[in-house]
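Asks: Numbering (our numbering), first residue to last: 69 to 149. Don't be surprised by glycine CBs; every beta carbon is placed ideally from N, CA and C. I'd like to ask you about the structure that follows.
Structure, rendered in structure tokens:
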């Protein structure tokens, strides 16, 4: 356990040893939560990029997912037996 000081802007520095033990790289993001007992919990945050699709892009996906007629007919024959 180590003691650190909270600066005027609410910032603190996590000691290097603790960072190394946690495996968190510098410049990574963490989730900060306050617990019922008043303690503060830090957890690694997973950030995933989000892509918003236009109607045109959605139509492109739908076209690419269509089965050729020969495969559609073959599938129908097997399902209708």
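Determine the DSSP secondary structure at residue 86, reduced to helix, strand or coil.
Replies: For the purposes of this step, residue 86 is taken as the residue at position 18 of the chain shown. If DSSP states are grouped into helix, strand and coil, residue 86 belongs with the helices.
Asks: Give me the Cβ distance between residue 80 and residue 74, rounded to the nearest whole Å; I'm assuming they're in contact under 8 Å.
Replies: As a working mapping, residue 80 is identified with position 12 in the chain shown. As a working mapping, residue 74 is identified with position 6 in the chain shown. Contact between residue 80 and residue 74 holds, since their C-beta atoms are separated by about 5 Å, short of 8 Å.
Asks: By the three-class DSSP mapping on this structure, what secondary structure does residue 103 have?
Replies: By one-based count along the chain shown, residue 103 stands at place 35. Here residue 103 sits in coil by DSSP.
Asks: In terms of residue numbering, what span does the alpha helix (DSSP H) encompassing residue 110 cover?
Replies: Against the chain shown, residue 110 aligns to sequence position 42. Element bounds for residue 110: not the alpha helix (DSSP H) but the beta strand (DSSP E), 108-112.
Asks: Identify every residue that forms a DSSP beta bridge with residue 98.
Replies: Numbered from 1 along the chain shown, position 30 holds the residue referred to as residue 98. According to DSSP, which records beta bridges pairwise, residue 98 is partnered with 112.
Asks: Would you call the stretch 84-99 and the stretch 107-116 touching, i.e. three or more CB-CB distances under 8 Å?
Replies: With three or more CB-CB distances shorter than 8 Å, the stretch 84-99 counts as touching the stretch 107-116.
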